[in-house]
Amino acid sequence: MERQPILRGLLTGWTALFLVFLYSPMVVLAILSFQSGPEGGPQFPIEHWSIYWYRQLFNLVPASSVAPLPLGGALLRSLALALTTMVVSTVLGTMTAQAFRRHFRGSGVVFYLVVLGMMVPGVLVGLGMALTANYVGIDRTWWGTVFLVHVVYTYPFSFLVMLAIFNRFDRSVEEAAWSLGVSPVTTFRRITFPLIFPGVLSSMLFAFTLSYDEFPRTLFASGGDLTLPLAIYGTFSVEIHPNLFAFGVLTTLFSFALLAVYATLMTLSVRRARRVAVQEEIA
Amino acid sequence: MIADLELIGLRKTYPNGATAVQDVALTVEQGEFVSLVGPSGCGKTTTLRMIAGFESITAGDVFIRGQRINDMPPEKRPTSTIFQNFALFPHMSVARNIEYGLAARGVKPAERAERSRRIMEKLDLLDIADRREAGLSGGQRQRVALARGLVVEPQILLLDEPLGALDANLRRSIQNELKLLQRTLGITFIFVTHAQSEALVLSDRIVVMNRGRIEQVSRPVDLYTRPQTPFVARFIGRNTLVGGKLTDASGSIETPYGPMRGVVANALLRRGDAAQIVLPSEALEPHRDGADHDRLVAQYDGNVLSARVLAVEVVAHTRLIRAALADGREILLEGHTGQGSAEGLAPGNPLLIGLRPEEATIVAAEQQQGKK
Ligand SMILES: Nc1ncnc2c1ncn2[C@@H]1O[C@H](COP(=O)(O)OP(=O)(O)OP(=O)(O)O)[C@@H](O)[C@H]1O
Ligand SMILES: [Mg+2]
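From first to last, the protein sequence lines stand for chains A and B. Okay, so the first sequence: first residue is 1 according to the working numbering, each after it adds one. Okay, so the second sequence: first residue is 1001 according to the working numbering, each after it adds one.
Right under this line is the structure:
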């Protein structure tokens, strides 16, 4: 690489451009969230900088013509939904991937059936779920029908992540444990799980994120109680105020926090072995 | 006495239809050191894995101490395995790796610590007891794997090429340690190895496998001096094989290079059978042509071959001669430099080869083997 400065420059420029396109919408939103209030609108120029809209989110400003965002309940619902989906998908995905470590009859068909869950157009899945629920006479709820379509959607991702992890997993480590008299259950808990933990973390991150901002499937499958993406979309139909941008910034910060937790846990689990070894080498 | 391990008609056919092991029958006594040797892919690992319980048994039976264990899961079997690739638990320290099996078997912490300390001491692992796999050299990993398998003192220890990654010196010292441990603990060892010299040094008996079947089971010395099949003769030692027809079941054979007699013939052979004579390189002595032919014939009981020298190689006191028989067939002679009368032999020189007949063996011809 060092011998090809032109190529290197090009690649750097390209990456920079990519990042600009990726993040500029978010940056614009973030800037606009500091618009003055309550009279400032959702567009440039910024009349003067303030955190009015952030305070407005938490009802810390005197009442004005702009109503507070009706997002509190939706936020809690989405969080609960994403957390449950994350756990269920990861458990299912890990178990399925575990089954795929040995070839069984029909494994090819099962593979495509599972993966189909993330391939079919979301709107159709949502619609199908709504029709089915009507037909069998089940209420459409965020914790029932929506939860189901979210799991169907995220489970293939978890499965694929875990499949990749198991593909590189050395089976003889488990066999070594068995041969020492460790039961298969204990072997999974004490040997296999710690070793596949990075994959489990990634699977959890995937499932959480995908569920947290799922829109098309949720749109039809949900009943009266909305999830966060639906509720945000609902506010557009009234009138957009910078308080929505402030909310966006806060949820983005929340995502960053999640990523930070993920990265920390990952680093800990991956580096632990190396660090301990190195420390002792030095000592 | 009940055998420690008994394999009866063992067969393994993998799901893809490949039969990796068949008709394997073997009885191993308590405390025996048995090696499995054979070319790559001959079914050594598969056999070991069936004994350990990692691989299902297609046909046949495995008995340990008289108990049929075909359907017993690996963690219940009184065996422990040492893997070709170590298979250490990467997230545990060396000490924890070694203690883990004891903990699983319900050994009390104090005794656990004591037993693992003892084995770590023997295998020189105390200095690295707190490290993890990532911080170990290949040889250290191998020793940890050995310690981990040995510390639980299984009835039978199954070792799959456990010394493969060690350099020659370390290998020798671990070999000695291993043999000593095996003796003192009285554990039965089933030891898979590629290195036949290792098997010859360590084993009480050696099992030679070929294409999923057992070719021969013998004490090392017998395997070396009395191969029972052409395959074994080629696989072990440096032998030249010459085809012929048995003229006397007690040990005479007619070969293209002349008759040979006084040789030990495989008991199953009958007069007139197609056979091969195995000529160990050490049983052949070189003589200058022009030496007193009649005296040589008398000395070797008539077993004298004419040849031409191809190459002479002297390393310290050992001399290796490659020679060509009448029809160009290559033959190898190996011995002390003082042996015979061959000083100053150079490539191209004619050579008379004397065979000490009691060291040669007659085995069945290869075609006959193939048909079976
Ligand atoms: N899981 C498997 N599925 C199908 N065939 C297999 C499997 N494992 C091994 N084999 C085949 O079975 C045969 C015996 O393999 P095995 O591993 O027992 O040989 P080996 O004697 O241990 O060889 P090496 O000395 O190279 O370790 C080989 O032909 C191999 O290709
Ligand atoms: Mg092998």
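Ideal Cβ placement from N, Cα and C applies to all residues, glycine included.
Requested in this report: Compute the beta-carbon to beta-carbon distance between A1360(B) and P1286(B), rounded to the nearest angstrom, for a pair I have assumed lies under 8 Å.
Outcome: About 16 Å separates the two Cβ atoms, so there is no contact after all.
Query raised in the report: DSSP puts N1210(B) in a beta bridge; with which residues?
Result: DSSP lists R1213(B) as partners of N1210(B).
Report task. Put D1061(B) into one of helix, strand or coil per three-state DSSP. Result -> Of the three classes helix, strand and coil, the one that applies to D1061(B) here is strand, per DSSP.
Query raised in the report: Alpha carbon to alpha carbon, how far is G93(A) from I191(A)?
Result: 19 Å
Query raised in the report: Grouping DSSP H, G and I as helix and E and B as strand, with all else coil, what is Q279(A)?
Result: Its pLDDT being 46, under 50, Q279(A) is placed unreliably by the model, and the measurement read from it follows with that caveat. Looking at Q279(A) - three-state DSSP - the assignment turns out to be helix.
Query raised in the report: Considering P1373(B), what are the terminal residues of the alpha helix (DSSP H) in which it resides?
Result: Missing from the structure shown is residue 1373(B); chain B here goes from 1001 to 1372 and no further.
Requested in this report: Please report the Cβ distance between A1020(B) and G1043(B), rounded to the nearest whole angstrom; I am assuming they are in contact, meaning their Cβ atoms lie under 8 Å.
Outcome: 5 Å
Requested in this report: Look at the alpha carbon of V276(A) and the alpha carbon of R1131(B), and state the distance between them as a whole number of angstroms.
Outcome: With a pLDDT of only 48 at V276(A), under the threshold of 50, the placement of this residue in the model should not be trusted, and no figure is reported.
**Report entry** G37(A) - DSSP class collapsed to helix/strand/coil
**Finding:** G37(A): coil per DSSP, three-state reduction.
Query raised in the report: Can at least three beta-carbon pairs, one atom from the segment 120–127 of chain A and one from the segment 214–224 of chain A, be found at a separation below 8 Å?
Result: Counting Cβ pairs under 8 Å, three or more are found: they touch.
Report task. Measure the C-alpha to C-alpha separation of A1103(B) and V1263(B) and round it to an integer number of angstroms. Result -> Straight across, the Cα-Cα distance linking A1103(B) with V1263(B) is about 58 Å.
Report task. Would you kindly check if the distance between the Cβ of R1319(B) and the Cβ of E1330(B) is under 8 Å? Result -> no
Query raised in the report: Can you tell me whether DSSP reads I1293(B) as helix, strand or coil?
Result: Sequence inspection shows His at residue 1293(B); the Ile mentioned does not correspond to that position. Here H1293(B) sits in helix by DSSP.
Requested in this report: At 7 Å on the CB atoms, spell out the chain D contacts of N1070(B), in chain order.
Outcome: The question asks about chain D, but that chain is absent: this structure's protein chains are A and B.
Query raised in the report: Can you list, in chain order, the residues of its chain whose CB lies under 7 Å from that of F197(A), leaving out five sequence neighbours each side?
Result: S269
Report task. Starting from the C-beta of R1308(B), find all residues in its chain whose C-beta is less than 8 Å away, skip the five residues before and the five after it, and write them out in chain order. Result -> Hits under 8 Å: A1323, A1324, G1348, N1349, P1350 and L1351.
Query raised in the report: Using DSSP with H/G/I as helix, E/B as strand and the rest coil, what is K1245(B)?
Result: strand
Query raised in the report: Are the C-beta atoms of V107(A) and some chain B residue less than 8 Å apart?
Result: According to the sequence shown, residue 107(A) is Ser rather than Val. False, the Cβ-Cβ gap to chain B never drops below 8 Å.
Query - Beta-carbon proximity of L1223(B) to R1234(B), cut-off 8 Å - result: No, the pair does not count as a contact, with Cβ atoms beyond the cut-off.
Query raised in the report: Is the CB of I191(A) under 8 Å away from at least one CB in chain B?
Result: yes
Report task. Could you pull the start and end residues of the beta strand (DSSP E) that D1222(B) belongs to? Result -> No beta strand (DSSP E) contains D1222(B), which is instead part of the alpha helix (DSSP H) from P1220 to T1225.
**Report entry** Element boundaries [beta strand (DSSP E), containing S1252(B)]
**Finding:** S1252 to T1255
Query raised in the report: Any heavy atom of ligand 1 closer than 7 Å to the CB of T1046(B)?
Result: Yes, Cβ of T1046(B) sits closer than 7 Å to a heavy atom of ligand 1.
Query raised in the report: If you draw a straight line from the C-alpha of L265(A) to the C-alpha of L205(A), how long is it?
Result: So the alpha carbons of these two residues sit roughly 12 Å apart.
Query - Run of the beta strand (DSSP E) containing P1039(B), from where it starts to where it stops - result: P1039(B) -> no beta strand (DSSP E), and no H or E assigned at all.
Query raised in the report: When every heavy atom of ligand 1 is checked, does at least one fall within less than 7 Å of the C-beta of H1194(B)?
Result: yes
**Report entry** Interface residues of chain A facing P1074(B) [CB-CB closer than 8 Å]
**Finding:** E175, W178 and S179
Query raised in the report: Would you say Y1381(B) reaches chain A, if we count a Cβ-Cβ gap shorter than 8 Å as a contact?
Result: The requested residue 1381(B) does not occur in the structure, where chain B is confined to residues 1001 to 1372.
Requested in this report: Check whether the Cβ of L244(A) lies closer than 8 Å to any Cβ atom in chain B.
Outcome: no
Query raised in the report: Helix, strand or coil: how does DSSP classify R1131(B) here?
Result: coil
Query raised in the report: Any Cβ of chain B within less than 8 Å of the Cβ of S172(A)?
Result: yes
Report task. Round the Cβ separation of P1090(B) and L195(A) to the nearest angstrom and send it over; I've been treating them as touching at under 8 Å. Result -> That belief holds up - the Cβ atoms of P1090(B) and L195(A) are roughly 7 Å apart, short of 8 Å.
Query raised in the report: In terms of DSSP beta bridges, what is A1265(B) paired with?
Result: I1362(B)
Report task. Give the interface partners of R1115(B) over in chain A, defined as CB-CB distance under 7 Å, in chain order. Result -> Within 7 Å Cβ-Cβ: nothing; R1115(B) doesn't reach chain A, min ~13 Å.
Query - Delimiting residues of the beta strand (DSSP E) encompassing I51(A) - result: Counting along the chain, I51(A) falls outside any beta strand (DSSP E), and DSSP gives it neither H nor E.
Query - Whether F1231(B) touches N1210(B) by CB criterion (8 Å) - result: yes
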